[in-house]
Each structure stands twice: as structure tokens, then as C-alpha cells.
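Have a look at the structure below, then the notes.
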Amino acid sequence: MKDFIIPEFAPGDDRDMGTPARNGMPVALTIDGFAVTVPEGTSVMRAAMIAGIAVPKLCASDNLEAFGSCRLCVVEIEGRRGTPASCTTPVIEGMVVHTQSAKIRKLRKGVMELYISDHPLDCLTCSANGDCELQDTAGQVGLRDVRYTPGDNHFDPSGTGARSQAEAKLRAGHDNPQFIPKDNSNPYFTYDPSKCIVCSRCVRACDEVQGTFALTIEGRGFDSRVSAGTSADDFFSSDCVSCGACVQACPTATLQEKSVAELGTPTRSVITTCAYCGVGCSFKAEMNGDQLVRMVPYKHGKANRGHSCVKGRFAYGYAAHQDRILKPMIRERIEDPWQEVEWDEALAFAADRMRGIQERHGRRSVGVITSSRCTNEETYLVQKLTRAVFLNNNTDTCARVCHSPTGYGLGKTFGTSAGTQDFDSVEQTDVVLIIGANPTDGHPVFASRLKKRLRQGAKLIVVDPRRTDIVRSAHVEAAHHLPLRPGTNVAVISAMAHVIVTEGLMDEAYIRDRCDWDEFQHYAEFIADPRHAPEATEALTGVPAADLRAAARLFATGGNGAIYYGLGVTEHSQGSTTVMAIANLAMLTGNIGRPGVGVNPLRGQNNVQGACDMGSFPHELPGYRHVKMPDVRAVFENAWGVQIDPEPGLRIPNMLDAAVEGTFKGLYCQGEDILQSDPDTHHVAAGLAAMECVIVHDLFLNETANYAHVFLPGSSFLEKDGTFTNAERRINRVRRVMAPRNGYEDWEVTQLLANAMGAGWHYTHPSQIMDEIAATTPSFAGVSYERLEELGSVQWPCNEAAPLGTPLMHVDGFQSGRGHFVITEYIPTDERTGPRFPLLLTTGRILSQYNVGAQTRRTENTAWHGQDVLEVHPHDAETRGISDGDWVRLASRAGETTLMVTLTERVAPGVVYTTFHHPATQANVVTTDFSDWATNCPEYKVTAVQVSPSNGPSDWQECYQAQAERSRRILSAAE
Numbered sequence: 001m002k003d004f005i006i007p008e009f010a011p012g013d014d015r016d017m018g019t020p021a022r023n024g025m026p027v028a029l030t031i032d033g034f035a036v037t038v039p040e041g042t043s044v045m046r047a048a049m050i051a052g053i054a055v056p057k058l059c060a061s062d063n064l065e066a067f068g069s070c071r072l073c074v075v076e077i078e079g080r081r082g083t084p085a086s087c088t089t090p091v092i093e094g095m096v097v098h099t100q101s102a103k104i105r106k107l108r109k110g111v112m113e114l115y116i117s118d119h120p121l122d123c124l125t126c127s128a129n130g131d132c133e134l135q136d137t138a139g140q141v142g143l144r145d146v147r148y149t150p151g152d153n154h155f156d157p158s159g160t161g162a163r164s165q166a167e168a169k170l171r172a173g174h175d176n177p178q179f180i181p182k183d184n185s186n187p188y189f190t191y192d193p194s195k196c197i198v199c200s201r202c203v204r205a206c207d208e209v210q211g212t213f214a215l216t217i218e219g220r221g222f223d224s225r226v227s228a229g230t231s232a233d234d235f236f237s238s239d240c241v242s243c244g245a246c247v248q249a250c251p252t253a254t255l256q257e258k259s260v261a262e263l264g265t266p267t268r269s270v271i272t273t274c275a276y277c278g279v280g281c282s283f284k285a286e287m288n289g290d291q292l293v294r295m296v297p298y299k300h301g302k303a304n305r306g307h308s309c310v311k312g313r314f315a316y317g318y319a320a321h322q323d324r325i326l327k328p329m330i331r332e333r334i335e336d337p338w339q340e341v342e343w344d345e346a347l348a349f350a351a352d353r354m355r356g357i358q359e360r361h362g363r364r365s366v367g368v369i370t371s372s373r374c375t376n377e378e379t380y381l382v383q384k385l386t387r388a389v390f391l392n393n394n395t396d397t398c399a400r401v402c403h404s405p406t407g408y409g410l411g412k413t414f415g416t417s418a419g420t421q422d423f424d425s426v427e428q429t430d431v432v433l434i435i436g437a438n439p440t441d442g443h444p445v446f447a448s449r450l451k452k453r454l455r456q457g458a459k460l461i462v463v464d465p466r467r468t469d470i471v472r473s474a475h476v477e478a479a480h481h482l483p484l485r486p487g488t489n490v491a492v493i494s495a496m497a498h499v500i501v502t503e504g505l506m507d508e509a510y511i512r513d514r515c516d517w518d519e520f521q522h523y524a525e526f527i528a529d530p531r532h533a534p535e536a537t538e539a540l541t542g543v544p545a546a547d548l549r550a551a552a553r554l555f556a557t558g559g560n561g562a563i564y565y566g567l568g569v570t571e572h573s574q575g576s577t578t579v580m581a582i583a584n585l586a587m588l589t590g591n592i593g594r595p596g597v598g599v600n601p602l603r604g605q606n607n608v609q610g611a612c613d614m615g616s617f618p619h620e621l622p623g624y625r626h627v628k629m630p631d632v633r634a635v636f637e638n639a640w641g642v643q644i645d646p647e648p649g650l651r652i653p654n655m656l657d658a659a660v661e662g663t664f665k666g667l668y669c670q671g672e673d674i675l676q677s678d679p680d681t682h683h684v685a686a687g688l689a690a691m692e693c694v695i696v697h698d699l700f701l702n703e704t705a706n707y708a709h710v711f712l713p714g715s716s717f718l719e720k721d722g723t724f725t726n727a728e729r730r731i732n733r734v735r736r737v738m739a740p741r742n743g744y745e746d747w748e749v750t751q752l753l754a755n756a757m758g759a760g761w762h763y764t765h766p767s768q769i770m771d772e773i774a775a776t777t778p779s780f781a782g783v784s785y786e787r788l789e790e791l792g793s794v795q796w797p798c799n800e801a802a803p804l805g806t807p808l809m810h811v812d813g814f815q816s817g818r819g820h821f822v823i824t825e826y827i828p829t830d831e832r833t834g835p836r837f838p839l840l841l842t843t844g845r846i847l848s849q850y851n852v853g854a855q856t857r858r859t860e861n862t863a864w865h866g867q868d869v870l871e872v873h874p875h876d877a878e879t880r881g882i883s884d885g886d887w888v889r890l891a892s893r894a895g896e897t898t899l900m901v902t903l904t905e906r907v908a909p910g911v912v913y914t915t916f917h918h919p920a921t922q923a924n925v926v927t928t929d930f931s932d933w934a935t936n937c938p939e940y941k942v943t944a945v946q947v948s949p950s951n952g953p954s955d956w957q958e959c960y961q962a963q964a965e966r967s968r969r970i971l972s973a974a975e
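The opening residue of the sequence shown carries number 1 in our numbering; numbering runs sequentially from there.
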């Protein structure tokens, strides 16, 4: 099967080389008199492009395997008969190629004439005018006339021989059965069959790049057309996931962004980084003036390699949504309406309140929350605000409520708090273990690369309570799906390790060379205990012993083994224990320190990794160094000119507890919506309501702003400079595409607030903040904006020892010297099912929505997911008298909500599942305050619940909605 090949280019070279790059021995040949040397296996077309000779093409692209259907790229080769296609012809030593001759020119003109004879001549008014490969190639081959008289065609709806659709509109009749109207069903792009040249690039992009196999060519010969599913399907109802690969591949206006048709062809572009998930895709923001026309995946982006998903490609409209707040606002009490004011007044109001609170209640009575959606530089300043201005360590982040167990667990075992590989590493893996992650929905661009490797023959093991798409989809099927009972991750991983140790499948040489042998022997004695055997844990986990044994043997013996995990691992009471168990499994099998292996956390938001790196936790300064260490504090005290409190501060749950108790009174919350995203909504609301000053700094009046006294409008990722750090530790530039609509970038707002409290900061550009980070944080010591411009991106550690960054960690040894095996005893969660709450609720995400939905709910993505729904197994529904589409009451010990139900066998009996993207549902009203024993990461993934029929929204939901509406009243400045 043909698959996507990673293209290779000189930096900044955006030319389409026609076919993928190859690796091999050098081959010398001559093309049009020019000598050129290329790797063995390179196509003649690509060799010509390397020599600076552009061969006409329509069906070829360098991210797709050669297809050879358009016949425009024909060449002559000395000693060979005929005119072979240059895209499908590999070079050989001594080959002499001619790309231009009278014969070739005549053939190309003839082929192009046939294409144009069945294509409307509306070029001046076509949405692809100026960006059409068919138009460009017609000029390249010198076509100046079409000799064919009008006949059967696909573009003239009148059937009267019109040569353009504009002309056809002026003629009476609709008698052309070949004409198919434009498909406008997709919110973001159109499909116009009348302009299709059947090059198959869209079909191949869907297959080879995205891996969805949603498109096909139906019919034969003249009747051939692109089809999205069956004759009853349009693009919206088909399996298309709207990644945009087909639109990007299309050489005409057949598949075209609606934004281009509306706003015109872009005239300039800025390279920046996506602000959604932790993959960290690079994009070209293509502009007309200061109007964003479209986002196009950047082919040199090392995380995404020119691919994208529906969110990054299309869901950027929230930045211009009418709900955005662009003026600062204040109010005395949360019951009052908001009052619009100028920046100076809002900042003075906030500073006076925070100062007053500290004077009355002490310096530790206020704190901050940083955001994983903001840049490294912005996050660094927010934690600096609390440490250098508020003079305490009360800083926490949404990164803690998702991946703090990763930092703890990998720090204990490997000595670093991050993943070990780059995304390219998946191209060399043989066995993939996915646990607690749903990459096709949560990290779709990485999932496409993973599916490519699986289609090439790599094996897949999925450990998940739910049958996610990666378990079985087009041309991909897991070798083993272990549908464990929620909350039993440690028992499952320990059982796998038990099989490996007791059957002698561990890599003893690796363990002796790279790990602490005494610790391993202690661990081996622990894990070999019969209570960890799959047969002993089957009743607990629900995973058949035979399946678990087979999966363990496959991972231990199948070659390069890579582990990818997500929030289904970390958001448990034993999240840190599971991360350490995963690290044990990787060390046990020798799968650390080379390409194709490793332990890889899939981060949920765009800068989760960076938020952790920047010192957002109350016990750690930037670089994961404990605040109690005098030498660490001294580094920052010298840089900041203040004394740093040696006592760790409060985490978010502790802040809320202290607020209810009356000792925590003020909060600055940047880019985070804790009322919707944190567990036990009632407790969060009570804590916020008890505070005297809540400052929300965000794009929109989010749920947390219902309890705020100050609102500082934020800037979107399109309106700022900075950096994000993705899940592979890659530091990518975020570049300002347009001026901030609120007047300031977010780092400037934080600086203004700090200075209103007397800080005296004088940053003029975020590059200066990065310089300070580099001067104080060893793993960032070699990072600068100049280095990022030179290299495109770098992966930390980037320092004197690794000036170009570190794609693979622990190659020659662990950061801690030797790898440490840790005893991972399974301890059941305190959240138990029983007669009142017999089901287990687990939560997650869906492809079209993101986190609490603040961004994606304000885009056309709501067409796919307009509300949260509850997945219930048909057996559980039948016993409760529930039918598909019914409203149900979802209740737990913490609270209740109502939502609609969908019946599916994706979940096992006894397990229900929902998303948390919509505030109308407030799924976290039912989650509890149980959390990870080491980091307080909430246990979102295990909640005992009951499901019963309902007539609609609960009393609490109606009261909440009414309170939210009252809280969002805004008086204009004149009032």
C-alpha cells in the first residue's frame, strides 16, 4: 500500500518537488544538459526540480506517492522508447533526460487541451484565480487555444454548449445530466464536481496523508468523479473528518475553502503555531492585509510535516467572534453588572484590591493560575508575578489537572519530567502500546502518522475502557484491545510486567547496563508475586488473562516498542503510580534511548509542557527545581532582585479550600476556566464566591468570570509573539499575525498589572523574557529567538551540551544517571460503585471540540458536536428504560446534570462516557474531589454514577444558567 512520505527540503524552500524524497546511494544523471546527483530511488521529476527544471504536473505532489495519471510530466530518455512519466520513472546511473522537445511540447499541449475541453472557462471569477495549478500549467505548456467544439461535459448545467458557467446562466435549460451541483454541506469548504480534473490527489491525500479513506473515484472513463461515500452522502455526512488534506491537494477550485471564495486570494503569510492540542502544528497564516483568509499547514513544520486537523486548519474564527470582550471591565460585587472602563482604571482597581487583601490577610492570601493555552513567556511572567510581586508561591496551572503525574512519575524513574521521543520516532516503531489516550480525536495529526506506520505492518495494543477509533478503522486494526475497568491501570500494567519477568522476556543486558540493578531485583521480586498474574487480576480489571498475556508477549518480543499515553493514565487517584509503572515497563524491555521506542505523554493542550517547564507549580521554580533549595532560589533572587518565599504555595484545590475557610481572598486567573474544567463544580463555585477579588484575564466572559470582579481582555494566538512547547518538548515560535484587538498582548497585560503593584518591569518584547528564561533555566540555556529563527524549532534540553536541542532523550544514559525501577502497588480508588451509583463514568474529548469549548464552540465546529452526550451500553439502557436520544439524569455523590443519551457498544456494560466541552452540561458537576496521591491531579476518569430518565435540564442547570446570564450583564462606559 502506498503511504505518505516525509518530504525533505532546504530550509524555507516551499516548492512542490513532485514526488517524495528518497534515501540511497548517489546516482548521477544529466537532465537538459545539466549534471545532477540524487539519491537512488529518486524520480526523474524530483531530480529535475533539484536541478532547477520544473516539469509540468497535475497529479503529482511531494507528500504523495507517484501516480502517473495526468501524463503532463512525460519526458524523453536517451536509449529508451516512448515518453515515460517522469514522476514514476526512477533515476539510473548515466541516464540522459530531455524535458523539452518538439514532440514533448506537442504531447503536453494535447493533454492539456483535453483537460480544458471539459473545464469551465470562468478563470477571472473563479475562487482559485491566481492560485490554480491547472491555470498555471496551461500557461507553462503554452496552451493558447482549444480546438474541440463543445460536446458532452460536466460543467455546463444548461446543456447548450456554453464554455463557461457564467454563459450557461444566461441560457435557458437545465438539460445536462452530467452536471452535478456544488456540494456546500461542509461548513468550511465546497466541492464543485464541474471543475474536477480527476487527478486523484484528494483521494490519495485522504488515504496516504490522513488515513481516513473517506474519498474514492466512482465511475469509469468520462464518468469518473470524486465521491465522498455512497450516492446518498455529501461531504458533511460522509466519513470525511475535515482535516483539509484534500483541499490542500486539489490543483483547481474543485475543493476550495469558503473563506477564499469570500475574502479573496491571500497576498502574504506569517508562519506560526497552532493553539489547540499538544501536537504543536506549524501553519502559514495567509492574509489579505490584516484579514486572515486561511490557515495552511506548513510543510517544514517538524511536528506536523505539512498536515493538519479540522481545528487547526479551520477553527480559528473564534478570534473574531462577537462574544470577544475587548474592553477592560470591573464591578464591586459579583451580583453587579459589569462596567466598561479604560485600562488604567481597571489595572488600578485590581492592584488596589490585591494590595488591600494582602494588607488585611497577609501576603499568602492571594495567588495566580497560569494557562496551558498561553505562551511560555506569558506563563513565566504570571508565576513571576506571584513570586516576585505577591511574594508567595501560590501558583498553579491547568497543566497540573491533566499531566502533573507525568512530571512526577517520569522524574522519579528517568530523572526528567517529559516525554522521551520526537514524533518522527513513530516511523521506526514495531509495536505501539496506547493506554488512556484517544489520538484520532485528541491528537489527530499524530494519529495520522501513527496509522501510516500501522498500515506498514507495526502492531498495536490499545488499553482503554472504550473502543476508540484507533482500535479498528480503515486499514488499521489493533492486535489487542484490553478494555479494562476504569481505575485499574496499575493492575493491568503490573500484570503485563509480571508476564515479562516470570517468562524471562525482559532485556537483562539493558537493565544491567542502564538501570539500577539492585532496584530492579527488588522490583522483579515484587512484580513476580502471583497476585500480579493476569489470572489473579482478571476479575479486578475485566481484561481476559489470555489476552493480557498475549499483549505482554507482543510488546516484549515485537521489536521497537513505543508507549503513548494520555489523560486516561494521569487523571486517576493512581495517576503517578501508573506513569511509573509505564516507565518500569519501558525499562524492563529496553525500550528507551533510541528511535522507535520511548515513553510519550500526549499532552492535551498546546502548551501543557511549557506551562510545567515555566514553574507554574507551587513547589517548583522554572526547570522543575524545588523552591526549598537555596541555590535554586538564589538564581532567581539575583535575576529578580527580591527574596523568594522558601515555602511551597497552594494548589488550586487548596486555594479553594482556603477561600471557603476565609484565608485566601484574591486570584489572578489567566486563560483558564476553572469553574468548567475543574472537578466538583459546586466546591469551585463556593471558593470563587468567597474571594474578595477575582481577576479573569481571557478572550471571553467564561464560566469563572461569573464570579470575577475584574475582567482583563486577552489576545488570541494570532495577535501575539512568543513560543509554545509541544508534547515532544519542541519549542515553536508563535508569531504575531495581526494587531491585538484588545490593544495589548497577554504578556503586556501581566506586566501592566505587575507595574500597577510597583514591580517596575521593563520588557519591550517577549524575546527578552525568553532570554531571562534561558539565563535562569539550564534546559533552556541555548534557546533564543535567533536560534529558533535559524533552526525553525528546538527540543529541550537545548544548552551548551546540546546546542541544536535533543530530539531523543536518554540516548547514552538517563538524566538521573541510571534508570530507577519503582514499586507500583495497586491501590483501589476510594470512588466506588454501589447500589445508589452502580455505573462508572469516564470522560474525554471529541475530534471537533477542544477542552472546555471556549474556542471551538465559537466556530462552525458545532455542526459536528453541538452538545455533550452520554454514551451508554444498550444493556444498561434497556434495564433503565432508556432509548437512544432520550434526556437522562446523570447523578453522582457530588451532584447531578442532565444530557441526551446515545446508545453504543463502544463502552462496556457498567461504563458510561461523556465529553466536557459545553457549559450547559457542566459535566464536572458530577466529578468528585478525589485526586492523584502525589500531585492532586483530579480523578476525572472514575466517577460512580447512576443514569435515569429525565424530562430535560435539571433545576440546578436552570439556576446556573440564570445566574450566568445575570452575571454577564454589561453596562457601557456611558452608563
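Backbone N, C-alpha and C fix where the C-beta goes; we use that ideal spot for every residue, glycine too. These numbers were taken from a predicted model, which means no experiment stands behind them.
Check: CA-CA distance, T37 and T83?; Outcome: 22 Å
Check: Measure the beta-carbon distance from G568 to G436 and round it to whole angstroms, keeping in mind my assumption that it falls under 8 Å.; Outcome: 2 Å
Check: Which ranges would you report for the alpha helix (DSSP H) in the region 430-484 if only whole runs of at least 4 residues count?; Outcome: 439-442, 444-455
Check: So, under 8 Å CB-CB, G834 and K302 are touching, yes? Tell me the CB distance rounded to an integer number of Å.; Outcome: About 50 Å; that fails the 8 Å criterion.
Check: Taking the alpha helix (DSSP H) that D136 belongs to, which residues open and close that run?; Outcome: 133-140
Check: Nearest-angstrom Cα distance between R71 and V141?; Outcome: 12 Å
Check: How about A48 and S86: do their beta carbons lie closer than 8 Å?; Outcome: yes
Check: For T413, which of V426, M587, D352, F617 has the nearest alpha-carbon?; Outcome: M587
Check: Could you check which residue in L656, E672, L753 has the C-alpha nearest to that of Q855?; Outcome: E672
Check: How big is the Cα-Cα spacing for G722 and T375?; Outcome: 6 Å
Check: Just to confirm the assignment, what range does the alpha helix (DSSP H) spanning E965 have?; Outcome: 955-967
Check: Counting only runs that start and end within the region 61-134, where is the beta strand (DSSP E) found for 3 or more residues in a row?; Outcome: 96-98
Check: Does DSSP classify N288 as helix, strand or coil?; Outcome: strand
Check: Have a look at the DSSP bridge pairing and note the partners of I271.; Outcome: K284
Check: Taking the beta strand (DSSP E) that M900 falls in, what are its first and last residues?; Outcome: 896-903
Check: Using a 10 Å radius around the Cβ and a threshold of 16 neighbouring Cβ atoms, would you call S972 buried or exposed?; Outcome: exposed
Check: Skipping 5 residues on each side, what residues in its chain have a beta carbon closer than 7 Å to that of D547?; Outcome: H480, L482
Check: Under a three-way DSSP split, which group does P193 fall into?; Outcome: helix
Check: Excluding five sequence neighbours on each side, which residues of the same chain lie with their C-beta closer than 8 Å to the C-beta of P778?; Outcome: G623, P797, N799
Check: Under the rule that 16 or more other beta-carbon atoms within 10 Å means buried, what is I5, buried or exposed?; Outcome: Confidence at I5 is low in this model, with a pLDDT of 40, below 50, so the placement of that residue is unreliable and no value is reported for it.
Check: What's the C-alpha gap between S485 and A228?; Outcome: The displayed chain sequence assigns Arg, not Ser, to residue 485. If you take the alpha carbons of R485 and A228, they lie about 37 Å apart.
Check: Taking CB distances under 8 Å as the criterion, tell me whether G411 reaches chain B.; Outcome: Among the chains of the structure shown, chain B does not appear; only one protein chain is present.
Check: Between N600 and the rest of its own chain, which residues show a CB-CB distance below 6 Å, the 5 nearest in sequence each way excluded?; Outcome: G419, Q421, Y564
Check: Where does C309 land, buried or exposed, given buried means 16+ other C-beta within 10 angstroms?; Outcome: buried
Check: Could you check the C-alpha separation between K2 and N706 for me, to the nearest Å?; Outcome: With a pLDDT of only 40 at K2, under 50, the local geometry of the prediction cannot be trusted, and the value read off the model is given with reservation. Approximately 53 Å between the Cα atoms of the pair.
Check: Classify D152 as helix, strand or coil using the three-state DSSP reduction.; Outcome: coil
Check: Which residue marks the beginning of the alpha helix (DSSP H) containing G409, and which one marks its end?; Outcome: 400-413
Check: Assess, as a yes-or-no matter, whether the region 223-238 is touched by the region 696-704 under the definition of 3 or more beta carbon pairs within less than 8 Å.; Outcome: no
Check: Could you check what DSSP says for W864 in three-state terms: helix, strand or coil?; Outcome: coil
Check: Once you ignore the five residues that flank L656 on each side, which residues in its own chain have a CB closer than 7 Å to its CB?; Outcome: H683, V684, G687
Check: With respect to the beta strand (DSSP E) encompassing L255, which residues constitute its N-terminal and C-terminal limits?; Outcome: 255-257
Check: Please list, in chain order, all residues of the same chain as I527 whose beta carbon is under 7 Å from its beta carbon, the five residues on each side excluded.; Outcome: S494, A497, H498, V501
Check: Any idea what DSSP makes of N600, helix, strand or coil?; Outcome: strand
Check: According to DSSP, is W517 helix, strand or coil?; Outcome: helix
Check: If I measure Cβ to Cβ from R976 and keep anything under 6 Å in the same chain, skipping five residues before and after, which residues do I get?; Outcome: Since the first residue shown for the chain is 1 and the last is 975, residue 976 is missing from the structure and cannot be characterised.
Check: Start and end of the alpha helix (DSSP H) containing I773?; Outcome: 766-776
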